[in-house]
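Here the protein sequences line up with chains X and R, keeping their order.
With the numbering used here as the guide, the letters of the first sequence map in order to residues 1 to 324.
With the numbering used here as the guide, the letters of the second sequence map in order to residues 325 to 648.
Here's the structure, in structure tokens; my notes come after.
2 protein chains.
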Amino acid sequence: MSDTPSLYIPTFDDVLAAKERIAPHVHRTPVLTSSFFNELTGAELFFKCENFQKAGAFKVRGASNAVFGLSEEMAEKGVATHSSGNHALSLSYAAGRRGIPVTVVMPRTAPQAKKDAVKGYGGVIVECEPSTSSREETFAQVVAESGAEFVHPYNDPRVIAGQATCSMELNEQVDNLDAVIAPIGGGGMISGTCLALSNIAPDIKIYAAEPLNADDAARSFKAGHIIADDAPDTIADGLKVPLKDLTWHFVSHHVTDILTATEDEIVDAMKLIWKRMKIVMEPSSAVPLATVIKNPEIFKGKRVGIIITGGNVDLDSLPWLNDA
Amino acid sequence: MSDTPSLYIPTFDDVLAAKERIAPHVHRTPVLTSSFFNELTGAELFFKCENFQKAGAFKVRGASNAVFGLSEEMAEKGVATHSSGNHALSLSYAAGRRGIPVTVVMPRTAPQAKKDAVKGYGGVIVECEPSTSSREETFAQVVAESGAEFVHPYNDPRVIAGQATCSMELNEQVDNLDAVIAPIGGGGMISGTCLALSNIAPDIKIYAAEPLNADDAARSFKAGHIIADDAPDTIADGLKVPLKDLTWHFVSHHVTDILTATEDEIVDAMKLIWKRMKIVMEPSSAVPLATVIKNPEIFKGKRVGIIITGGNVDLDSLPWLNDA
């Protein structure tokens, strides 16, 4: 078939292997509930708190699965990626646990706080110019010189199998879920959710939540093929990247719908979660709740798992305190 | 003896009764750990997260014990207090659960956010002028007219027995603690901690943590009698009130030491907890960790319970974003 991804499609056996492989390196994160949000939405909500995860986000699941699945010979040469977000932190954390080199290519214009965070987890940063061509060129050079293994932030079967362990846990922690909703950017978390739940609990509906300002996945879903935007602008900075063939495979086969929220709705939901649940989470993690509040007819009376994907936020620059 | 409090001194039986009485109305809050903070301090820390408690703070334990311990006849007339903080919220929450009236006397100058929060939990606010004489006069009038039962924020045996359930839980959740540390203002939480632990685990040392800017409890502890300051100024606004005879009884008999932290140390510890543990907690709750970081020689190698007392903070005015 023409829409079969060029990459290996991970199976449920890969998820089981990932779960065992990463167990010593990641947290089994707690599930929180809130009577306030249950009343507000009319649904019964279960928040899977990956903001409490190692390195502050679910991404450490996929990164750890990739790093600890490498042969000794491959591992010696280290791993590399280009990202300025949670994947870079997570890959640095996982490589540090295995004691192998990790190189992160980042634009020289990336915020110093993000560079410091990667360095804090032991990552070596190689700077590039803030353009796709410079990034690709610089990255190719890093890989050519070091022989490091490229771990893509989401379009990678090892990463998707790792992310799948999150929904497996959630399904163990909460009985009889009707639906699970998670944010969608490149689609790694959603693909993992599809991979896990389609095997262990195929009746659970899977929703993805996306910023309206970066709704390329929602438009792809409607169009039936990948639509990639150039540089969408949203406060949910983890969700700007487009789907790729492997994540499109899972999204197009298993997702019930992709819902969107405006920037204001995202910020309002984020602040309300901080205020009522007393947890620190990043803007991307607020998108699912924003869409649940916006679409009561879909979720009312249902038991809904919401994946809080991460908690790495700049405490000096909170979105509700920024000038418009 | 001349230093015997005028009030009834609650016993461990009162704590057991409180535990059963309040169980339907409060959360058994989780205990979190952090490898980051264990490395930073050289101690093994266990954070008892009362920021996740109903109404956002441990105070709901004591307030619920007072409210649900009232006879039907007393309950009908309602409860009243003067407080602009977590006790007012908690008493309003507990009275709402029992379906009885609750009146809170607050200065007309109190922040609108605090008034709204009390109203949000169903409390009726009676405003007074921002002076002690006006508050006392107004409060006396409220009680005279309604016959409402006064529930003091801390110098009340019912309240102390309720707060004691927090350390009882902590001791069930974590084995072999060497020490427990909690913030001290009026001394309600610390008194409850003393009452619980001196009965069930008398080897656990109890430390109190106080802002240096409001160190009346530390000075009282050294002097051997209560020293009450007029209006101390600290970012830890839950800790400005002085000890009273009942709380002094517990503090003077069971506390090992009272440690202090500067405003900067408190704000730094608060921000670091938000950043690394991804939890929202109020400035008062950061004082214990600030003193643990400051006094490694006391806590190194020890298993230390830290009570995170509450999470009610104004998200529009975070202390590290304020101008100096």
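The beta carbon of each residue, even a glycine, is placed where N, CA and C say it ideally should be.
This one's a predicted model, so the numbers in the text were calculated from it and none came from an experiment.
A straight line joining the alpha-carbon of Val267 of chain X with that of Ala110 of chain X spans about 23 Å. Counting only the Cα atoms, Val60 of chain X lies some 7 Å from His87 of chain X. Pro354 of chain R belongs to the set of residues whose beta carbon lies under 8 Å from a beta carbon in chain X.
Rounded to the nearest angstrom, the Cβ distance from Ser408 of chain R to Pro431 of chain R is 7 Å, consistent with a contact under 8 Å. Rounded to whole angstroms, the gap between the alpha carbons of Thr405 of chain R and Val428 of chain R is 5 Å. Among the residues facing chain X, Lys595 of chain R is included, as its CB has a counterpart in that chain under 8 Å away.
Short of 6 Å from the beta carbon of Asp539 of chain R, and not among the five residues preceding or following it, lie these beta carbons of its own chain, in chain order: Thr584.
DSSP places Gly512 of chain R in no beta strand (DSSP E) but in the uninterrupted alpha helix (DSSP H) bounded by 512 to 524. For Phe52 of chain X, the nearest CB of chain R lies under 8 Å from its own CB, placing it at the interface with that chain. Interface residue (Cβ-Cβ distance to chain R less than 8 Å): Asp316 of chain X is classified as such. With fewer than 16 other Cβ atoms from the protein chains shown falling within 10 Å of its own Cβ, Asp527 of chain R counts as exposed. In the structure shown, the three-state DSSP call for His573 of chain R is helix. The beta carbon of Ile298 of chain X sits no closer than 8 Å to any beta carbon of chain R.
Here Gln173 of chain X has Val31 as same chain residues with Cβ atoms under 7 Å from its own Cβ, once five neighbours each way along the sequence are excluded. Secondary structure at Arg28 of chain X: coil, using DSSP grouped into helix, strand and coil. Cβ atoms of Gly510 of chain R and Leu596 of chain R stay farther apart than 8 Å, at about 27 Å. For Gly42 of chain X, there are no neighbours in chain R by C-beta distance under 7 Å, as the nearest C-beta there is about 19 Å away.
Only those residues of the segment 594 to 618 of chain R whose C-beta falls short of 9 Å from the nearest C-beta of chain X are listed: Lys595, Trp598, Lys599, Arg600, Met601, Lys602, Ile603, Val604, Met605. When C-beta distances to chain R are compared with 8 Å, the residues of the segment 55 to 72 of chain X below that value are Gly56, in chain order. As computed with DSSP, Phe474 of chain R is found in a beta bridge with R:Ala404. For Thr41 of chain X, the enclosing alpha helix (DSSP H) covers residues 35 to 41. If you draw a straight line from the Cα of Ala503 of chain R to the Cα of Asp440 of chain R, it comes to about 38 Å. Using beta-carbon distances, Gly635 of chain R counts as an interface residue toward chain X, with a partner under 8 Å.
DSSP lists X:Lys205, X:Val304 as the beta-bridge partner residues of Ala179 of chain X. With at least 16 other beta carbons inside 10 angstroms of its own, Asn479 of chain R counts as buried. Among the residues facing chain R, Leu45 of chain X is not included, as its CB has no counterpart in that chain under 8 Å away. About 5 Å separates the beta carbon of Trp598 of chain R from that of Val280 of chain X, a gap short enough to meet the 8 Å contact definition.
Within chain X, no C-beta atom comes nearer than 9 Å to that of Leu413 of chain R; the closest sits roughly 13 Å away. Under the Cβ distance rule, Leu645 of chain R counts among the residues neighbouring chain X, one pair being separated by less than 8 Å. In this structure, Ile306 of chain X lies away from Phe139 of chain X, with their beta-carbon atoms at least 8 Å apart. Residue state for Leu536 of chain R is assigned as helix, using DSSP reduced to three classes.
For the alpha helix (DSSP H) assignment, the uninterrupted runs of no fewer than 4 residues enclosed by the segment 579 to 612 of chain R are, from N- to C-terminal side, 587 to 601. It is roughly 12 Å from the alpha-carbon of Lys443 of chain R to the alpha-carbon of Ser414 of chain R.
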